[in-house]
Amino acid sequence: MVDFLLQTVTMSAPLILMAMAGYMSERSGVINIGLEGKMLTACFVCAAFAPRFGAIGGVALAIVAGIIISLLHWTLTQVYRIDHIISGMAINLLASGGTAFLVGSGIGKDILSDAQRLPLPLYYGLAIVSPIILYAVANRTRFGLRHKSVGSDPDKARLLGINPQTVRFGALICTGIFSGIAGSLLVTETSAFTKDMTSGRGYIALAALILGGWRPIPAALSCLLFGFATAVQIQMSGKPLFGMEIPSEIWKMLPYIVTLLALAGLLGRNRTPAGLGKH
Amino acid sequence: MKVRIPILFACSIVVIILSLVVVKANIGETVATIFTGSLGNALKISGTIKEMTPLLILGAAVYLALKAGLFNIGAEGQYLVGACFGSYAMIAIGGPVGVAVGCIVGIVGGALWALPAGVIKAYRNGHEVITTIMLNSIALYMTRAIVAGPMKGADQHTASTSVMPANTQLTPLLTIGKLEIPQSFVVGILIVIAIGYWLNKTVSGYELKAAGANPTAAQFAGVKTKQVTVKAMMLSGALAGLAGALQVAQFEHRFYDGFATGYGFDALGVALLAGSNPFYLFLSAFFFGALNKGGTAIAILGVDKGITMVVLAVVILMFASVRYGRKQVNHG
Chain A
3 MVDFLLQTVT
13 MSAPLILMAM
23 AGYMSERSGV
33 INIGLEGKML
43 TACFVCAAFA
53 PRFGAIGGVA
63 LAIVAGIIIS
73 LLHWTLTQVY
83 RIDHIISGMA
93 INLLASGGTA
103 FLVGSGIGKD
113 ILSDAQRLPL
123 PLYYGLAIVS
133 PIILYAVANR
143 TRFGLRHKSV
153 GSDPDKARLL
163 GINPQTVRFG
173 ALICTGIFSG
183 IAGSLLVTET
193 SAFTKDMTSG
203 RGYIALAALI
213 LGGWRPIPAA
223 LSCLLFGFAT
233 AVQIQMSGKP
243 LFGMEIPSEI
253 WKMLPYIVTL
263 LALAGLLGRN
273 RTPAGLGKH
Chain B
150 MKVRIPILFA
160 CSIVVIILSL
170 VVVKANIGET
180 VATIFTGSLG
190 NALKISGTIK
200 EMTPLLILGA
210 AVYLALKAGL
220 FNIGAEGQYL
230 VGACFGSYAM
240 IAIGGPVGVA
250 VGCIVGIVGG
260 ALWALPAGVI
270 KAYRNGHEVI
280 TTIMLNSIAL
290 YMTRAIVAGP
300 MKGADQHTAS
310 TSVMPANTQL
320 TPLLTIGKLE
330 IPQSFVVGIL
340 IVIAIGYWLN
350 KTVSGYELKA
360 AGANPTAAQF
370 AGVKTKQVTV
380 KAMMLSGALA
390 GLAGALQVAQ
400 FEHRFYDGFA
410 TGYGFDALGV
420 ALLAGSNPFY
430 LFLSAFFFGA
440 LNKGGTAIAI
450 LGVDKGITMV
460 VLAVVILMFA
470 SVRYGRKQVN
480 HG
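Just so you know, the protein sequences line up as chains A and B, in that order.
Residue numbering for the first sequence follows this note's numbering, starting at 3 and increasing by one per position.
Residue numbering for the second sequence follows this note's numbering, starting at 150 and increasing by one per position.
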C-alpha cells in the first residue's frame, strides 16, 4: 500500500510540474505542443552539467535551458508569427534530435552520484505547492488577471492597454522554469539521461491540462489520476483481474482514452481559452 | 519583416555548425557522407526511394488534411492501425487477393481511426492535434498488445507476426541493375496526382479547400463545413492506413512491435514543405527520404542521426516563416 502511494506520487510529480508549465503558456494563448521537447532538453542539460556544477548548478542550468527554449518558442510564435502547432512540433523535433545527437556523440552520458542530485521530497513538495500558488497568482494578482485576459481575448486586452506579447513573454519564462524543474526531477529519479527519456510525459501533461479545463488545481488532480493509473498498471502487470489476463498496454492506454472522452465533451463542458493560438 | 527571416536563417546555420563543432565532427566530411550515403550509387538511390515511399503517401494524407485546415498529427497512428490490421488480412488470406483485401482493410482501419478526431473537431470543437496525438498513443499500445498476443506468429520469439509467404509479398515493379522501383512508390505517385486533380479541378475538392481557407465564408457560400471536416479527416486517415498496409506488403513483410519509426511526424514536415502545390510533395518527400537515408550513413563517422532531425526542424521553421512573410506582403 505504501509502495503504491509512493509510486503514484513518483509518477504524478513530473506530470504536475509539466502541466503547470503548460498552464502558464496555454492560458496566455500560446498553444504548447512543445512541452515534450522542453522537458527533454531540461533533462539533458541537468544530466550533462550536474556532474560538473553540482546538484544546484545542474538544476539552475536546466531551468536556464528551459527558459531559453521557451523564449525560442515565444520568438517563433510572437515575432515570426509561425503557427503555434508548427513551432511546437519543430521544438520537439529539435529537442529530440539535438539531445540524441549530443548523447550519441558521448556528451551527458555520466551517471549522477547522490551529491549531484537534489533530494526528491523537495521536488515532490514543489509539485504539491505549485498548483496552489498558480491558483492564487491567477486570481489574486495583477499579472495573473492580465495573463488570463490575454489568453481569453488578445484583441480586447490590447484595447485595455495590455500588450499580449509582453504578458506572453513573462508566461513563457514561467513555462521554462517549470519545465526545467520537471526535467531535473526526471533525471534525479533515474540518475542518467537516456534517449527520449520523457517518453510522452509532455503530451500526457498537456492532456491533464485539458482534462482539468485549463485550471491549475483540477489539472494537478488529473495528473494524480494519470499517475494513479500508471501505478495501478505497474502493480497489476502480470496479475490477473477477475480471472482475466489484462495486458499492461490496456492500462497504459487509459489516460489517453480518458482525455479523448474529455475532449468529446463527455466529461463536463468545454473550457478551452478563447484566445488560444490567436495573435 | 524583411530583416527578420535572414536572421532566422543565419541563426539556424550557426546552430547546426556549432552542434557539429561541439561533438568534434568534421563538417565537410559529414555533409559529403549525407550526400553519398543517399545518392552515391544505384543501391543508395534505391534505399532513398524506399525511405521516400511511405513519406510520399503519408505526406499526401497530411497534405489533404492541411488543405482542409486540419493538422493531422495522427498519421502515425493511422499508419500503424492500417499496417496492423492490413497485415492480419494479408497473412490470413494470402496471395494477390490477400494483398488487395489487406490494402482495403488498411484503408478502412485508417479512416475509422481518424474518425473520432474529425467528429470531435467538427461537432465538439476539440483541437484535432490533441485528439490525434491521443489516438497515436492508443494505436501504439493497442497494436503492441495485439502483436504480442493474438497476432504473434508461432515461429517468432519477439512480438511479431510470422513473415508473409512469398506470393503475398509485392515485388519491385522495375529492376534496372541495382536500382529498384517498388510498386508502392508508383501507387504513391498516382495518389499525389489524383489529389492534385481532385483539389484543383473538382467541386468537392474546391469545397474542401474553401472550408480550410475560411470556414465562415465557406459556410455562407453553402459548404457544409462540418461534414467536410469529418470527410477530410477520414480521407487523410484512409491514405495513411493504405500507406501502412503497402509498407507491410512491399518492404516489411510482417508487422512487429516498433513498426512505427516516426514517419507520421516526418509526413507533417513533408506536407508543410510542399506548401501550396501538391506536386511539390514529390520534392519534399524526396528531400526527407534522402536526409533519412543519409542520416544512417553518417553513423560510420560517429555522428548521430539526430543531427538530420535538427536540420529537418530548421527547414520546417524556415518555410513556415517565409510563408508568413509572404502573407504579410499580400495583406499589407
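Ideal Cβ placement from N, Cα and C applies to all residues, glycine included.
Check: Limits of the beta strand (DSSP E) - the one that T168 of chain A falls within; Outcome: Not the beta strand (DSSP E): T168 of chain A falls in the alpha helix (DSSP H), residues P166 to T192.
Check: G351 of chain B, DSSP secondary structure in three states; Outcome: A small correction: the amino acid at residue 351 of chain B is Thr; Gly does not occupy that position in the sequence shown. If DSSP states are grouped into helix, strand and coil, T351 of chain B belongs with coil.
Check: Which of helix, strand or coil DSSP assigns to Y82 of chain A; Outcome: coil
Check: Interface flag, L262 of chain A vs chain B, CB-CB below 8 Å; Outcome: yes
Check: Buried/exposed call for I198 of chain B, threshold 16 Cβ in 10 Å; Outcome: buried
Check: Beta carbon proximity, M255 of chain A to chain B, threshold 8 Å; Outcome: yes
Check: Below-8 Å beta-carbon distance, I269 of chain B vs any chain A residue; Outcome: yes
Check: Residue span of the alpha helix (DSSP H) that contains E28 of chain A, given as start and end; Outcome: V4 to R29
Check: Length of the line joining the Cα atoms of L207 of chain B and A387 of chain B; Outcome: 10 Å
Check: Where the alpha helix (DSSP H) through E251 of chain A begins and ends; Outcome: S250 to L265
Check: Of the residues A:L124, A:S186, A:S201 and A:R170, the one placed nearest V81 of chain A, counting alpha carbons only; Outcome: A:R170
Check: Endpoints, the alpha helix (DSSP H) within which E277 of chain B is located; Outcome: E277 to A297
Check: Pick from A:K254, A:L256, A:L187 and A:V234 that is closest to I18 of chain A, judged by C-alpha positions; Outcome: A:L187
Check: N- and C-terminal bounds of the alpha helix (DSSP H) containing T202 of chain B; Outcome: A191 to K216
Check: Endpoints, alpha helix (DSSP H) assigned at I130 of chain A; Outcome: L122 to R142
Check: Beta carbon proximity, E28 of chain A to chain B, threshold 8 Å; Outcome: no
Check: Whole-Å CB distance - V341 of chain B paired with P427 of chain B, under 8 Å assumed; Outcome: 6 Å
Check: Chain-order list of residues whose beta-carbon lies under 7 Å from that of H281 of chain A (same chain, five-residue window excluded); Outcome: R83 and P156
Check: Three-pair Cβ contact test at 8 Å for the stretch 100 to 109 of chain A versus the stretch 295 to 304 of chain B; Outcome: no
Check: The stretch 209 to 217 of chain B contacting the stretch 393 to 412 of chain B, beta-carbon criterion three pairs below 8 Å; Outcome: no
Check: C-alpha distance - S470 of chain B paired with V419 of chain B, whole-angstrom precision; Outcome: 16 Å
Check: Closer than 7 Å at the beta carbon, the chain B residues around G106 of chain A; Outcome: D453 and G455
Check: Residues within the stretch 110 to 126 of chain A neighbouring chain B, beta-carbon criterion of under 8 Å; Outcome: none
Check: I465 of chain B and T179 of chain B closer than 8 Å at C-beta; Outcome: no
Check: Coil, strand or helix - H480 of chain B by DSSP; Outcome: Unreliable placement is indicated for H480 of chain B, whose pLDDT of 39 sits below 50; no coordinate value is reported for it.
Check: In chain order, each beta strand (DSSP E) run of at least 3 residues that lies wholly inside the stretch 38 to 101 of chain A; Outcome: none
Check: Cβ of M199 of chain A within 8 Å of any chain B Cβ; Outcome: no
Check: Length of the line joining the Cα atoms of G443 of chain B and A174 of chain B; Outcome: 16 Å
Check: Any chain B beta carbon closer than 8 Å to M238 of chain A; Outcome: no
Check: Residue span of the beta strand (DSSP E) that contains L137 of chain B, given as start and end; Outcome: Residue 137 of chain B lies beyond the stretch modelled for chain B, which goes from 150 to 481, so this question has no answer here.
Check: C-beta atoms of L96 of chain A and A159 of chain B nearer than 8 Å; Outcome: no
Check: Within chain B, partners of L78 of chain A - CB distance below 7 Å; Outcome: L466
Check: Helix, strand or coil at S311 of chain B according to DSSP, with G and I counted as helix; Outcome: coil
Check: 8 Å Cβ cutoff met for G390 of chain B and V250 of chain B; Outcome: no
Check: C-beta contact flag for M20 of chain A and A207 of chain A at 8 Å; Outcome: yes
Check: Chain-order list of residues whose beta-carbon lies under 6 Å from that of G279 of chain A (same chain, five-residue window excluded); Outcome: I33 and H86
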